[in-house]
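**Q**
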Amino acid sequence: MSTFGYRRELSKYEDLDEDELLASLTAEELQELEKELADIDPDDNLPIGLRQRDQTAKTPTGTFSREALMKYWENETRKLLEEERIGSTKKKAPTRMITDSILKELKNALRPINDRENSRPSTPLRCAHDELMAAIRGSSIKKLKRVSIVRTRDLQTCLWRATVLQTSVPVLLQHSCV
Numbered sequence: 459m460s461t462f463g464y465r466r467e468l469s470k471y472e473d474l475d476e477d478e479l480l481a482s483l484t485a486e487e488l489q490e491l492e493k494e495l496a497d498i499d500p501d502d503n504l505p506i507g508l509r510q511r512d513q514t515a516k517t518p519t520g521t522f523s524r525e526a527l528m529k530y531w532e533n534e535t536r537k538l539l540e541e542e543r544i545g546s547t548k549k550k551a552p553t554r555m556i557t558d559s560i561l562k563e564l565k566n567a568l569r570p571i572n573d574r575e576n577s578r579p580s581t582p583l584r585c586a587h588d589e590l591m592a593a594i595r596g597s598s599i600k601k602l603k604r605v606s607i608v609r610t611r612d613l614q615t616c617l618w619r620a621t622v623l624q625t626s627v628p629v630l631l632q633h634s635c636v
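Position one of the sequence shown corresponds to residue 459 (this note's numbering), numbered consecutively onward.
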């Protein structure tokens, strides 16, 4: 007499006829039983990566056409090369709008103020400061490019001071930053 677990008798299960039990199962139940047995006891002769069954029930999406794929990629490449060669006009317009808005902001921030006379830099730097302010107020890119590197470095120093002191650039420019 065999016992299992908490001394329950298993003799009633030993007398079952497995062939009759399997014959009474439907096709769906047999497939489910096969899946369960495959999960419980995988074939040791197969590599580990191949032991898991394929669970996808997806139908193929269609036939693969290499020629159609190559034609599509050639057309896409041709379009990209054409855009690079000609240049995209869509990209140029927003850049100009951004540049114009920045120049307008600079103009508004650097409008002449009567109190500015008292806050001008000392005499040696006054000329450079005035030229820089005139170039910025004029908002001409050519004039801004003409400002010497030394003055540009002075402006960079001013920007650095603005970040350190946490004030706006126009306020520092008004108070002899350069």
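Don't be surprised by glycine CBs; every beta carbon is placed ideally from N, CA and C.
1) Tell whether a beta-carbon distance below 9 Å holds between K562 and I594.
2) Relative to the alpha-carbon of E494, which residue among A567, A481 and Q510 has its alpha-carbon at the smallest distance?
3) If you draw a straight line from the alpha carbon of V608 to that of D558, how long is it in whole angstroms?
4) Between which two residues does the alpha helix (DSSP H) holding K470 run?
5) Quick one: Cα of M591 to Cα of I560, how far?
6) Between the Cα of L508 and the Cα atoms of P518, K516, A496 and T517, which residue gives the shortest distance?
7) Would L568 be called buried (16 or more neighbouring beta carbons within 10 Å of its own) or exposed?
8) Within 10 angstroms of its Cβ, does E476 collect 16 or more other Cβ (buried), or is it exposed?
9) According to the Cβ coordinates, are L480 and L488 closer than 9 Å?
10) In three-state DSSP terms, what is L568?
11) Do L491 and L483 count as a contact pair if the criterion is CB distance below 9 Å?
12) Check whether chain D comes within 9 Å of G545, counting only Cβ atoms and requiring the distance to be less than that.
13) State the Cα-Cα distance for the pair M528 and E540, rounded to the nearest angstrom.
14) What is the DSSP secondary structure of D499, reduced to helix, strand or coil?
**A** Put simply:
1) Walking along the sequence shown from the start, residue 562 turns up at place 104. Walking along the sequence shown from the start, residue 594 turns up at place 136. Not closer than 9 Å, so no.
2) Locating residue 494 in the sequence shown gives position 36, counting from the first residue. For the residues A567, A481 and Q510, the minimum Cα distance to E494 belongs to Q510.
3) For this step, residue 608 is matched to residue 150 along the sequence shown. For this step, residue 558 is matched to residue 100 along the sequence shown. Note on V608: pLDDT 43, under 50, position unreliable in the model; the coordinate value appears next. Roughly 25 Å separates the two Cα atoms.
4) The residue labelled residue 470 in the question sits at position 12 within the sequence shown. Boundaries of the alpha helix (DSSP H) harbouring K470: S469 to E472, taken from the DSSP string.
5) What you label residue 591 is simply residue 133 of the sequence shown in a count that begins at 1. What you label residue 560 is simply residue 102 of the sequence shown in a count that begins at 1. Near 15 Å, if we compare the C-alpha coordinates of I560 and M591.
6) On the sequence shown, residue 508 is found 50 positions in, with the first residue counted as 1. Looking at the Cα atoms, A496 is the closest of the given residues.
7) As a position in the sequence shown, residue 568 is number 110, starting the count at 1. When all chains shown are included, L568 counts as buried.
8) Translated into the one-based positions of the sequence shown, residue 476 becomes position 18. That one is exposed.
9) Here the question's residue 480 lines up with position 22 in the sequence shown. Here the question's residue 488 lines up with position 30 in the sequence shown. Yes; because the gap between Cβ atoms is below 9 Å, this pair is in contact.
10) Working through the sequence shown from its first residue, we reach residue 568 at position 110. Here L568 sits in coil by DSSP.
11) On the sequence shown, residue 483 is found 25 positions in, with the first residue counted as 1. On the sequence shown, residue 491 is found 33 positions in, with the first residue counted as 1. Their beta carbons are under 9 Å apart, which means L483 touches L491 by this criterion.
12) The question asks about chain D, but that chain is absent: this structure has only one protein chain.
13) Your numbering for residue 528 matches position 70 in the sequence shown. Your numbering for residue 540 matches position 82 in the sequence shown. Their backbone Cα atoms lie some 18 Å apart in a straight line.
14) One-based indexing of the sequence shown puts residue 499 at position 41. In this structure, D499 counts as coil in the three-state DSSP scheme.
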